[in-house]
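Structure first, then comments.
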DNA sequence: CCAAACTATGATAGCGCTAACAGGTGTGGT
DNA sequence: ACCACACCTGTTAGCGCTATCATAGTTTGG
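Protein chains in written order, with the working numbering: chain B, 1 to 332; chain P, 1001 to 1332.
As structure tokens, then:
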């Protein structure tokens, strides 16, 4: 930077100002400086900038898995929105393990993020206290937690799943099975299960057919392996609601291999409205969630938080609702 | 840090040393310091550390899209491997646009990454020169470029696709169509198309049935829309090779909707061996690539590069091959 | 027993940038 | 002519760490 300053005949401070777009520099000086910047191929050091200004320019985002189109869309939308304000995203993947989340947060806090975005799946006590102690604003997404840390951009997985089950009850189904996860305390998966079971109980229908098949995420592959177990234990099952679309697709394909008519003999539903659910034959009934909107709105919220900080105030707890609506398709 | 030092009765420098695991500090001093660190909940500032030590601890990774299980797996494996050495990944998604890659690289270089990983899809002249000027080591993945920037961890998309086509020719197919991307200069997609066409020409088969359907990535949805166009233009087609598995799946489902027997009437093949290809009914013929291995080996290479740097030398250009093998399944 | 070598710790000086304030110049109002 | 004010630029002093060298204490070996 001092090289640039010398050649442009100004002080380093003026170079620094010329490189921002809201600093008071005369038009001609800025142009002269930027010309030298281009000539020299000077690349400002944002670590140093962050240290001096106490603004790292980072936002930490924790998702359970990268390998999930939904979280990818959310992160993508968030990344793009924050980029408009010069913020960069640091991604961590927890693999659905709260302990891993804790460890990742500890690492991330060293980067002095300006905000933390957490995909709700329960947090350890240590995670909560680390975040609180750091004073960094937090946004929880993809759920409306009972005990939110601070801001929320999400929907009730329980209510959404309940509403799906209710529609299927209305459609005449009576013998439900739920294919879900094991190890799912305080997760979105357990909320979905709870929602389905609540609907069944409210309609006086049997609610005992719950298969806790494997730790999250349940893959397509595991969906294919779960079907025989369901058929064996509860041959009277009329419809299987799966914790998410990929395992619903696995169940569907296994039905096809076994020549079980869907929905004639067995109906299948998922959760999330992944692209595959609309494409597969038959198309899969599911709950549609706008994953991109979650990322976008979380990003907008973070910009609001920063704007408030500039004015010296802390934004009140926000809770931004996201729509999650059942979509009945051919598979039911 | 100076608070910790004062309470532990040592100098800040000793605290700094105690927090690393290879620095010369007596066991008892380190324990005393770490105890105070825990008591105070002190979190070291890695921006400051990076500035002082000239090691940011960042590795930049560019992928075309996050919303692609393959790149997600590659990034995941890379992230985990680098984490073992305390390195953190900065992810950028180019959306398959070289100009966007250029813009992202410019941003990323401000973070002073210790290495750059690029998923090959062609680079602008400016990208190449920025990277060269920065002196940061580069690893290109998912392809073996003709003009590599430096290191490579990948395979020949051309050869892999050619080998798939050859197997299908051996299996008796004669009338091939290729469903690929538009705007695909210097991309993995164009290499795959070239490989297929080379196989056809070598076998004296017609190579004119090439549909450049849309800019990458071609989605499942677009696969369903491409099928009618292929059938209309070239009704004699016996097999469609798709640039990647998702669009092959789209083609397959559209065949099912139109009651076109696969593979009886039309065969379908993809590229990449996504989970869906092994699960769908019929299972889809494809080229299997170990996406995680690419991430893992790229990570190991980066650790080698750093180890060499410590010894004051620059690692010779490495080119680490990845296997990509055709897998014939039910769809052909 | 003493030089040489090694270990643990401290003091000093930055890393590359920006916040905060100081100062100089020009403009317009009175 | 003077003051108030806006506008632009420079000076100074860090941000929170670590590299490097210095130093004191301890061990080793001939």
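The beta carbon of each residue, even a glycine, is placed where N, CA and C say it ideally should be.
Distances from the CA of residue 1187 of chain P to each of P:1097, P:1199, P:1114 were compared; the closest alpha carbon is that of P:1097. Here residue 1073 of chain P has 1291, 1292 as same chain residues with Cβ atoms under 6 Å from its own Cβ, once five neighbours each way along the sequence are excluded. Inter-residue distance for residue 1325 of chain P and residue 243 of chain B is about 34 Å (C-alpha atoms, whole angstroms). By the CB criterion at 8 Å, residue 1075 of chain P and residue 66 of chain B fall inside the cutoff. Assignment of beta-bridge partners to residue 1323 of chain P by DSSP yields no partner.
Boundaries cannot be given for residue 1284 of chain P, as no alpha helix (DSSP H) includes it and DSSP labels it neither H nor E.
In terms of beta-carbon proximity, residue 1067 of chain P lines the interface with chain B, with at least one pair separated by less than 8 Å. If only uninterrupted beta strand (DSSP E) runs of at least 3 residues are considered, those enclosed by the stretch 77-123 of chain B are 88-93, 115-119.
Under the Cβ distance rule, residue 1133 of chain P counts among the residues neighbouring chain B, one pair being separated by less than 8 Å. Non-local beta-carbon contacts of residue 194 of chain B in its own chain, meaning distances under 7 Å to residues more than five positions away in sequence, involve 158 in chain order. Listed in chain order, the beta strand (DSSP E) runs fully inside the stretch 133-191 of chain B are 138-141, 151-154, 176-181, counting runs of at least 3 residues. Taken atom to atom, the span from the alpha-carbon of residue 1285 of chain P to that of residue 1328 of chain P is near 5 Å.
8 Å or more divides the Cβ of residue 1189 of chain P from the Cβ of residue 1148 of chain P. A Cβ-Cβ distance of about 5 Å is found for the pair residue 1047 of chain P and residue 51 of chain B, placing them in contact under the 8 Å criterion. Taking residue 128 of chain B as the centre and dropping the five residues before and after it, the same chain places the C-beta of 149 closer than 7 Å to its C-beta, in chain order. Spanning the alpha carbons of residue 1077 of chain P and residue 1153 of chain P requires a straight line of approximately 14 Å. Nearest neighbour of residue 1275 of chain P by Cα position, chosen from B:29, B:23, B:68, B:63, turns out to be B:68.
Chain P has no Cβ within less than 8 Å of the Cβ of residue 323 of chain B. CA-CA distance, residue 19 of chain B to residue 1130 of chain P, rounds to 18 Å. For residue 1016 of chain P, no chain B residue has a Cβ inside 8 Å of its Cβ, as the nearest lies near 14 Å away. Note on the stretch 1234-1307 of chain P: whole alpha helix (DSSP H) runs with a minimum of 4 residues are 1245-1257, 1275-1279, in chain order.
In this structure the stretch 1222-1241 of chain P lies against the stretch 1262-1271 of chain P, because at least three pairs of beta carbons, one per stretch, are closer than 8 Å. For residue 1168 of chain P against residue 1251 of chain P, the beta-carbon gap comes to about 15 Å, at or over 8 Å, which does not count as contact.
Neighbours of residue 1224 of chain P in chain B, taken as residues at a C-beta separation under 9 Å, are given in chain order as 279. DSSP places residue 1023 of chain P outside any beta strand (DSSP E), giving it a letter other than H or E. Under the 8 Å criterion on CB atoms, residue 220 of chain B is classed as interfacial with respect to chain P. If you draw a straight line from the Cα of residue 1113 of chain P to the Cα of residue 1173 of chain P, it comes to about 49 Å. The Cβ-Cβ distance between residue 59 of chain B and residue 117 of chain B falls below 8 Å. In this structure, the alpha-carbon of residue 1043 of chain P lies about 34 Å from that of residue 1064 of chain P.
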